[in-house]
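Take a look at the structure below.
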Amino acid sequence: MISTIHPIPAFSDNYIWAVSETGSNNVCVVDPGDATPVIQYLNANHLVLSDILITHHHPDHTGGIAELTRRYPARVTGPKPSAITGITDYVAEGNLVELFGHSFSVIEVPGHTLDHIAFYCADTELDKPILFCGDTLFAAGCGRLFEGTPIMMQESLSKLAALDPSTNVYCTHEYTLANLKFALAAEPDNLALQRRNQAEASKREANLPTLPSSVELELATNPFLRCTQQTVIRSAYAQLGRDPKNEVEVFSALRAWKDTF
Ligand code: ZN
Ligand code: FE
């Protein structure tokens with residue numbers, strides 16, 4: 042059983058999620074870009090690293106693998122095909138990853154990178170379903186398109202948007218306030234968004250993480266999941282200077298706007 046999921050801060054705005062097993066010292070970390078804060082966390086809490094989950098090949102998600110696996114005999118699960126060194130278990134769409142008695146299914150979510158995957162567990166023994174989504178879905182935003190196309194990313198985000206609304210969403214970066222600023226520019230009249238902006242700002246003032254988010258909250262406040270809403274379509278129109286032809290064009294216009302926001 043999973044007991045806790047704790048954010049280990051890394052670099053300037055990454056979270057390395059540490060998943061603990063009930064009744065043991067075992068811990069799994071997700072996307073350890075840096076080994077040092079993970080080792081400090083394990084030592085301070087007398088824990089042992091048993092597992093690493095990797096969502097994509099970027100160094101801020103993989104940089105700690107070598108040092109961590111030198112110290113601990115951890116299983117390293119990551120995407121295939123892959124340029125990542127140190128993966129022991131390659132996975133693809135639909136594969137199941139057993140972790141502390143729970144099954145996580147692998148969802149391929151290309152867009153930010155081509156190899157990007159997410160890990161989802163809807164075990165009824167859990168309080169709420171769990172999603173580790175790396176740099177694909179962020180609180181009130183989404184990852185930049187470094188390798189994929191807008192249509193790819195939009196399909197990937199649609200897969201995540203279709204998960205159980207109560208799902209806890211564990212993203213890898215604390216980008217929430219900047220994302221909300223953009224979201225409010227795209228949807229100034231969205232009341233849920235205005236409320237969220239205030240709630241998340243007070244969390245940051247108290248130095249608390251704004252994560253995890255939930256699928257339900259993202260559906261209500263994340264413009265990248267709201268490309269069929271009239272307000273978002275109007276914002277895309279303003280960016281394009283013409284009517285967007287379809288949902289993908291709305292998404293694409295939003296993403297391009299956010300890149301220079
Ligand atoms: Zn990345
Ligand atoms: Fe990243």
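Quick note: the sequence shown uses the numbering used here, first residue 42, plus one each step. No residue lacks a Cβ here, since even glycine has one placed at the ideal position from N, Cα and C.
Handout entry: Limits of the alpha helix (DSSP H) - the one that E134 falls within
Key = No alpha helix (DSSP H) contains E134, which DSSP labels as neither H nor E.
Practice task
Quick one: residues in its chain with C-beta nearer than 7 Å to the C-beta of R245, no 5 flanking neighbours on either side, listed in chain order?
Solution key: L218, T251
Exercise for the section: Please confirm whether any heavy atom of ligand 1 lies closer than 7 Å to the CB of D156. Expected result: no
Exercise for the section: For G142, verify whether its CB is less than 7 Å away from any heavy atom of ligand 1. Expected result: no
Problem - One or two residues paired with F145 in a DSSP bridge - result: V138
Problem - Proximity to M42 [Cα-Cα], best of H98, L295, L167 - result: L167
Exercise for the section: Can you tell me which of the three DSSP states S171 falls into? Expected result: Inspection of the sequence shows that residue 171 is occupied by Ile rather than by Ser. Three-state DSSP puts I171 in a strand.
Handout entry: Alpha carbon of F187 to alpha carbon of R237, nearest angstrom
Key = 28 Å
Practice task
Note down, in chain order, each residue of its chain lying with its Cβ closer than 7 Å to the Cβ of A261, except the 5 sequence neighbours on either side.
Solution key: A233
Problem - Assigned exposure category for F179 - 16 Cβ within 10 Å defines buried - result: buried
Problem - Contact set, ligand 3 heavy atom to C-beta under 6 Å - result: Of the ligands this structure carries, namely ligand 1 and ligand 2, none is ligand 3.
Handout entry: Reduced DSSP secondary structure (H/G/I, E/B, other) of F179
Key = strand
Exercise for the section: Could you pull the start and end residues of the beta strand (DSSP E) that R185 belongs to? Expected result: Per DSSP, R185 belongs to no beta strand (DSSP E) and is neither H nor E.
Exercise for the section: Give me the Cα-Cα distance between A124 and W298, rounded to the nearest whole angstrom. Expected result: 30 Å
Problem - Segments of 3+ residues assigned as beta strand (DSSP E) that fall wholly inside the stretch 189 to 239 - result: 209 to 212
Handout entry: According to DSSP, residues forming a beta bridge with F160
Key = V147, F173
Practice task
Decide if G142 is buried, meaning its Cβ has at least 16 other Cβ atoms within 10 Å, or exposed.
Solution key: exposed
Practice task
Counting only the same chain and skipping the five closest in sequence on each side, list residues whose C-beta sits under 6 Å from that of Q254.
Solution key: In the sequence on display, residue 254 carries Ser and not Gln. Excluding residues within five positions, the ones whose Cβ falls inside 6 Å are A180, V210.
Handout entry: DSSP-derived helix/strand/coil call for P48
Key = strand
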